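First comes the structure, then the notes that go with it.
Residue numbers (the working numbering): 35 to 847.
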């Protein structure tokens, strides 16, 4: 009997809880939780897939998970360690040698590889009848340009070093991306087993040995510990400094930033929704207590409501999130891999756990305070509380995991700091602005609107803060996306050079340049090139100054030097000034990594000769412009006695193919590099990432607008009783409507302007400290945010205006 009574009671309690959710103010909580779960699920699932794609692209560009490169043969202990760990490996030996046909000769780059190469990415070879992806012993595959330069076709004989080969076919596509055209010469592939018979790799030869490795990250890290790197050795992986990897890393940073911003916006809405619910349910709880309801019974009643909300939000949120993720992939269908990598159950768990962590303080603190409402509150307006514990420590529940997840993410903390600062600024600025306006001669509607706004300083600050915060976060997401895309577009500018000619001998320099000029080919100035190595800084070994970073690449190998009468126009001087004699200008990254300053004396070894020069300037170089750039530029007197060849870059069009063939035939010793195919590959990669960033930013903006809609709706809902009282006392619909538009129009304007200021500051900080980019001013933002807020406000007002204008006596009739 008792069990039946308990069962019936639980059933009624459950039904009552459902009715409270429907007719009370908890349904916005359900919407907010559902939105949190749906957005986090969709963003996390798509971000996880995109991250897998981005990581795969990075490894495909590298052609392996990691690569060990050296000027010396691969150490036996390293090979043994990879075998012991069961890792997949591939060897490549790269060297320069002469290739001879019956009609011509050419200096080429030979890549000796095994049958496993490439471990990642794709290599496409064609003999005119079929395509292949691997090299076999005895084969020789040539870069397309070499067929013209050597005047050969498939089946002809070509001598590489001391070995004779029969041309097997064309290299259609070579795996990997390279942003350094100065290291490229026309390539030829041979099998590793044919390396020795070329006789090209001898003691003292300039050779680059590479060991490509695929496997588990932990195993690879253990293998890395086996080898002590020398100045000529290095490990390259997806995190290695390069322009390609820089794009990958910034994409991943943006994905995490977008998820964090959506969570912050949704959490803010959830907190305000719960606070509003508590305000509307104080009388209900006080009445229940006055009728004898115990604290434990009320706690049970509220817990059932919370459980219903969480379960409903979890089911609907994941379902909507799945559909949303599918919709987000529609514009990316041609860019994402097929089959798609699975995201598993992870996004659902992350979304649900995140919503629970957010809900613990957002729901817990106000509902716990609701339990402490005194029964005496039924008879009086002033709220009184029973003695009870403070539950504000529940704020730590989401904060601690956030600290763990984002402790090293500078961007998230910049946004979080900006959010707190914005709240503080708004609390003061909104009151100052509204109270200042109230002193001006205004229409009755505006005066009434300002009176309501200024009635409660705390309430006004919270409302303005929440609205402007949401606007600011929306702006931050979109502006970061815009600034990143602007920066990435500079990776390969539309007018960037796409061909380079190296090793132009002094005697053929004028003739070569004349051909370009006569055909109206846009070109750079011609630069003398001399190879050498930095050996000493202020009389000490230069290696002692190395502090790591990209600049130390200047010490690992021989590099290209040039001399000129001044600094190129596309380089920006940061310190010092050009001198006419005994000087050298240094690229800023090298100067930073080696601790160089104006006046330091540098010693270089060039062709076994030592030359010295003093640092006369430090300049910034934009390597992405694809223009000829150098770590060191000397005054002419320093290198006057050392022979040099020349380099020139220029831009080719499709109709210039015949010109390329002509130059190759007339100047066979010039290394002509056509990097148009490389540019197309880079552009395709950037297009894929741009689409991903745009879709994610668009989702964040949609979620943000929905949250702003909810915020404004809650704010208007809080005014409902007051507005209905005005109507009861005889205020016309027109007067009340004008007051509503005046109040929230003013709120839109102030919140929009303040949000624009906050967004500019936060985005500027993100660009400098998060992405290492220069900040810029976004003028259109100052007009866009108030307009976005106003149109959202119009939707809210139109959806609620009829209910708001009903007088109290009619509302209850």
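Beta carbons are placed, not taken as given, at the ideal position from N, Cα and C, and that holds for glycine.
Since the structure is predicted, the reported quantities are computational estimates derived from the model, not experimental observations.
So residue i is in the beta strand (DSSP E); what residue range does that whole segment cover?
| i | result |
| --- | --- |
| residue 640 | 635-640 |
| residue 140 | 139-147 |
| residue 187 | Neither: residue 187 is in no beta strand (DSSP E) and is coded neither H nor E. |
| residue 645 | 643-654 |
| residue 151 | Unbroken run through residue 151: none, as it is neither H nor E. |
| residue 200 | 197-207 |
| residue 705 | 705-708 |
| residue 268 | 268-271 |
| residue 672 | That residue, residue 672, is in no beta strand (DSSP E); it is neither H nor E in DSSP. |
Answer with buried or exposed for residue i, where buried requires no fewer than 16 other C-beta atoms within 10 angstroms of its C-beta.
| i | result |
| --- | --- |
| residue 538 | buried |
| residue 803 | exposed |
| residue 152 | buried |
| residue 107 | exposed |
| residue 75 | buried |
| residue 395 | buried |
| residue 186 | buried |
| residue 512 | buried |
According to DSSP, is residue i helix, strand or coil?
| i | result |
| --- | --- |
| residue 537 | strand |
| residue 431 | helix |
| residue 769 | helix |
| residue 606 | strand |
| residue 561 | strand |
| residue 442 | coil |
| residue 571 | strand |
| residue 682 | strand |
| residue 592 | coil |
| residue 582 | Confidence in residue 582 is poor, its pLDDT being 46 and thus under 50, which makes the residue's placement unreliable; the coordinate value appears in the next sentence. In the structure shown, residue 582 sits in coil (DSSP, three-state: anything other than H, G, I, E or B). |
| residue 831 | helix |
| residue 104 | strand |
| residue 194 | strand |
| residue 626 | helix |
| residue 262 | coil |
| residue 615 | coil |
| residue 250 | coil |
| residue 241 | strand |
| residue 597 | strand |
| residue 689 | helix |
| residue 779 | helix |
| residue 235 | coil |
| residue 817 | helix |
| residue 631 | coil |
| residue 700 | helix |
| residue 824 | helix |
| residue 803 | helix |
| residue 160 | strand |
For residue i, which option in the options has the closest C-alpha, if you only look at C-alpha atoms?
| i | options | result |
| --- | --- | --- |
| residue 182 | 695, 635, 194 | 695 |
| residue 655 | 400, 454, 604, 390 | 604 |
| residue 297 | 316, 508, 380 | 508 |
| residue 642 | 689, 569, 575, 665 | 569 |
| residue 180 | 530, 205, 513 | 205 |
| residue 545 | 611, 339, 338, 560 | 560 |
| residue 433 | 408, 392, 624, 463 | 392 |
| residue 793 | 810, 777, 779 | 810 |
| residue 893 | 606, 633, 637 | Absent from the model: residue 893. The displayed extent of the chain is 35 to 847, so no value can be given. |
| residue 390 | 361, 255, 344, 377 | 344 |
| residue 600 | 576, 653, 625, 640 | 653 |
| residue 823 | 596, 131, 518, 789 | 789 |
| residue 827 | 781, 307, 533 | 781 |
| residue 815 | 610, 797, 356, 295 | 797 |
Could you tell me the boundaries of the alpha helix (DSSP H) in which residue i lies?
| i | result |
| --- | --- |
| residue 22 | Coverage of the chain is limited to positions 35 through 847, which leaves residue 22 absent and any answer about it impossible. |
| residue 123 | Here residue 123 belongs to no alpha helix (DSSP H); instead the beta strand (DSSP E) covers 122-134. |
| residue 398 | 380-405 |
| residue 173 | It is not in any alpha helix (DSSP H) - residue 173 instead sits in the beta strand (DSSP E) that spans 173-177. |
Check whether the segment 173-189 touches the segment 120-127, counting contact only when three or more Cβ pairs, one atom from each stretch, lie closer than 8 Å.
no
Taking three-plus beta-carbon pairs below 8 Å as touching, is the segment 699-711 in contact with the segment 538-551?
yes
Is it true that the segment 62-70 meets the segment 227-247, where meeting means three or more beta-carbon pairs spaced less than 8 Å apart?
no
Report yes or no: do three or more beta-carbon pairs, one from the segment 560-573 and one from the segment 666-680, lie closer than 8 Å?
yes
Kindly confirm or deny that the segment 644-652 and the segment 497-505 touch, where touching means at least three C-beta pairs closer than 8 Å.
no
Quick one: any contact between the segment 263-272 and the segment 134-152, if contact means 3 or more CB pairs under 8 Å?
no
Is it the case that the segment 190-210 contacts the segment 252-266, given that we only count it when at least three CB pairs across the two stretches are under 8 Å?
no
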